[in-house]
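A.B. asks: Residue numbers (our numbering), protein chains in the order written: chain A, 2 to 139; chain B, 2 to 139. If you scroll down you'll find the structure; I have some questions about it.
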DNA sequence: AGCAGATACTTGATTGTGCAACAGTTGACT
DNA sequence: AGTCAACTGTTGCACAATCAAGTATCTGCT
């Protein structure tokens with residue numbers, strides 16, 4: 002808990018102050034950028050970023066208002082709306098990504114060796130569950 | 002981030018549903034219970050639980066409303082108000098503590114060996130800026 | 001003594017999030 | 001065809017947490 006608080010506080014203040022992005026918003030932009038078509042279903046975004054569907058709806062509203070993402074309908078399924086990374090969104094991500102990654106590097110590298118980071122990552126990975134039987138909640 | 006989300010979601014839903022406590026509220030009760038006089042300054046509580054001073058004020062208001070903690074003035078310094086664990090608060094803590102600790106034990110023990118937990122704890126400790134001795138004695 | 005700055009705490013406004021409830025869509029099974 | 005459960009997404013309400021600003025008190029310095 003302490004480590005999480007320390008790291009997220011540092012990282013989110015950097016993103017917030019320098020680029021006006023919350024960390025979860027950065028995460029969304031990042032996830033979208035990794036898709037071939039730069040698009041994802043809102044529900045999948047919600048699960049990956051670990052916030053509720055309503056949370057995603059509202060975050061995407063904000064990101065649309067600032068022009069970083071857009072909407073796209075799904076031809077196969079009228080229920081789903083894709084979130085799409087716009088050019089402005091891609092630009093924004095490229096803008097803040099270096100500073101963010103450098104900060105991660107600094108926070109970790111200052112205190113842990115390469116192997117330690119490796120083993121920490123492995124251990125934490127085994128504690129993380131993305132596919133959870135008990136509902137993510139809403 | 003994933004590990005944190007998984008663990009806190011599990012633990013906080015258990016505490017919330019079974020005992021009507023948020024995890025940070027549990028933390029406060031726990032910290033108070035470890036003091037000899039069952040009392041702490043609000044500011045110290047705030048730092049240890051890692052929420053803002055105003056957050057602590059409001060949380061303690063809630064906990065007072067349900068009778069789990071009380072106030073006590075400080076003789077030496079008129080600025081500070083101690084938060085004191087009441088008997089009801091102590092009872093509540095004893096009530097939910099076993100289930101909470103068992104859940105921690107289950108979540109960790111199911112996936113990590115004794116030594117792995119040990120080294121994870123050491124690594125995370127070095128990433129945390131706060132020197133909180135989280136010795137879950139007993 | 002008196003002032004300046006730090007410290008402890010509270011309050012008002014704002015924000016992000018979750019839950020419950022809802023509408024629309026899909027797919028499966030009669 | 002018709003029905004029903006499951007799924008995607010949105011909205012109203014509630015709530016906890018934050019920041020900024022304010023009050024009160026303490027401490028150190030001249």
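All C-beta atoms, glycine included, are put in the ideal place defined by N, C-alpha and C. This structure is a prediction, so every number in the text was calculated from the model and none was measured.
Using the C-alpha atoms, what's the distance from residue 12 of chain B back to residue 21 of chain B?
C.D. replies: Roughly 12 Å between the two C-alpha positions.
A.B. asks: Check whether the segment 68-86 of chain B touches the segment 114-132 of chain B, counting contact only when three or more Cβ pairs, one atom from each stretch, lie closer than 8 Å.
C.D. replies: They do not touch, by the three-pair rule.
A.B. asks: Using 10 angstroms around the beta-carbon of residue 93 of chain A, count the other beta-carbons present and answer buried if the total reaches 16, otherwise exposed.
C.D. replies: Classification of residue 93 of chain A: buried, given that the 10 Å Cβ count is 16 or more.
A.B. asks: Give the residues of chain A in contact with residue 5 of chain B, contact being defined as C-beta atoms less than 9 Å apart.
C.D. replies: Neighbours of residue 5 of chain B on chain A, chain order: 2, 4, 5, 9, 125, 128 and 129.
A.B. asks: Using a Cβ-Cβ cut-off of less than 9 Å, list which residues of the segment 105-119 of chain A approach chain B; keep chain order.
C.D. replies: Under the 9 Å Cβ criterion, the segment 105-119 of chain A contributes 108, 109, 112, 113, 117 and 118.
A.B. asks: With C-beta atoms as the reference, is residue 113 of chain A less than 8 Å away from residue 90 of chain A?
C.D. replies: No, the pair does not count as a contact, with Cβ atoms beyond the cut-off.
A.B. asks: Pull up the distance between the alpha-carbon of residue 46 of chain B and that of residue 54 of chain B, whole angstroms please.
C.D. replies: Each residue's alpha carbon lies about 9 Å from the other.
A.B. asks: What are the boundary residues of the alpha helix (DSSP H) that residue 50 of chain A is part of?
C.D. replies: It spans 43-50 - the alpha helix (DSSP H) in which residue 50 of chain A sits, taken as one unbroken run.
A.B. asks: Which residues in chain B sit within 9 Å of residue 51 of chain A, going by Cβ to Cβ distance?
C.D. replies: Within 9 Å Cβ-Cβ: 2, 3, 6, 7 and 10.
A.B. asks: Is there at least one Cβ from chain A nearer than 8 Å to residue 134 of chain B's Cβ?
C.D. replies: In this prediction, residue 134 of chain B has a pLDDT of 40, which is less than 50 and means its spatial position is unreliable; nothing more can be read from the coordinates.
A.B. asks: What is the residue span of the alpha helix (DSSP H) that residue 105 of chain A lies within?
C.D. replies: Element bounds for residue 105 of chain A: 88-110.
A.B. asks: Tell me, please, whether the segment 18-33 of chain B touches the segment 56-72 of chain B by the rule of three or more beta-carbon pairs shorter than 8 Å.
C.D. replies: As far as the Cβ criterion goes, the segment 18-33 of chain B touches the segment 56-72 of chain B, which means the pair count is three or higher.
A.B. asks: Which term fits residue 51 of chain B, buried or exposed, when burial requires 16 or more other beta carbons within 10 angstroms of its beta carbon?
C.D. replies: When all chains shown are included, residue 51 of chain B counts as buried.
A.B. asks: Against chain A, which members of the segment 65-95 of chain B pass a CB distance test of less than 9 Å?
C.D. replies: Hits within the stretch: zero.
A.B. asks: Would a check of beta-carbon distances place residue 32 of chain B closer than 8 Å to chain A?
C.D. replies: No, residue 32 of chain B does not count as interfacial toward chain A.
A.B. asks: Any beta-carbon of chain A closer than 8 Å to the one on residue 22 of chain B?
C.D. replies: So no, residue 22 of chain B is outside the interface.
A.B. asks: Where does residue 6 of chain B fall in DSSP's three states?
C.D. replies: Residue state, collapsed to three classes: helix.
A.B. asks: So, is the C-beta of residue 121 of chain B closer than 8 Å to a C-beta in chain A?
C.D. replies: It does; some Cβ of chain A falls within 8 Å.
A.B. asks: On the criterion of 16 or more Cβ atoms from any shown chain inside 10 Å, does residue 9 of chain B qualify as buried, or is it exposed?
C.D. replies: So residue 9 of chain B ends up on the exposed side.
A.B. asks: What does the alpha-carbon distance come out to for the pair residue 71 of chain B and residue 86 of chain B?
C.D. replies: Those two C-alpha atoms are separated by around 6 Å.
A.B. asks: Roughly how many angstroms separate the alpha carbons of residue 1 of chain A and residue 97 of chain A, rounded to a whole number?
C.D. replies: This structure leaves residue 1 of chain A out entirely; chain A is present only between 2 and 139.
A.B. asks: Going by DSSP, what residue range makes up the beta strand (DSSP E) through residue 81 of chain B?
C.D. replies: Counting along the chain, residue 81 of chain B falls outside any beta strand (DSSP E), and DSSP gives it neither H nor E.
A.B. asks: Quick check: what's the CA-CA separation for residue 39 of chain B versus residue 128 of chain A?
C.D. replies: Whole-angstrom Cα-Cα distance: 33 Å.
A.B. asks: If contacts are defined as beta-carbon pairs under 8 Å, then residue 33 of chain A and residue 101 of chain A qualify, I think. What distance do you get, rounded to the angstrom?
C.D. replies: About 16 Å; that fails the 8 Å criterion.
A.B. asks: I'd like to know whether the C-beta atoms of residue 84 of chain B and residue 108 of chain B end up nearer to each other than 8 Å.
C.D. replies: Going by C-beta atoms, residue 84 of chain B is not nearer than 8 Å to residue 108 of chain B.
A.B. asks: Looking only at its own chain, which residues have a Cβ that is under 8 Å from the Cβ of residue 3 of chain A, when we skip the five neighbours before and after it?
C.D. replies: Contacts found: none.
A.B. asks: Assign residue 26 of chain B to buried or exposed, taking buried as 16 or more other Cβ atoms, counted over all protein chains shown, within 10 Å of its Cβ.
C.D. replies: Buried, by the Cβ-count rule.
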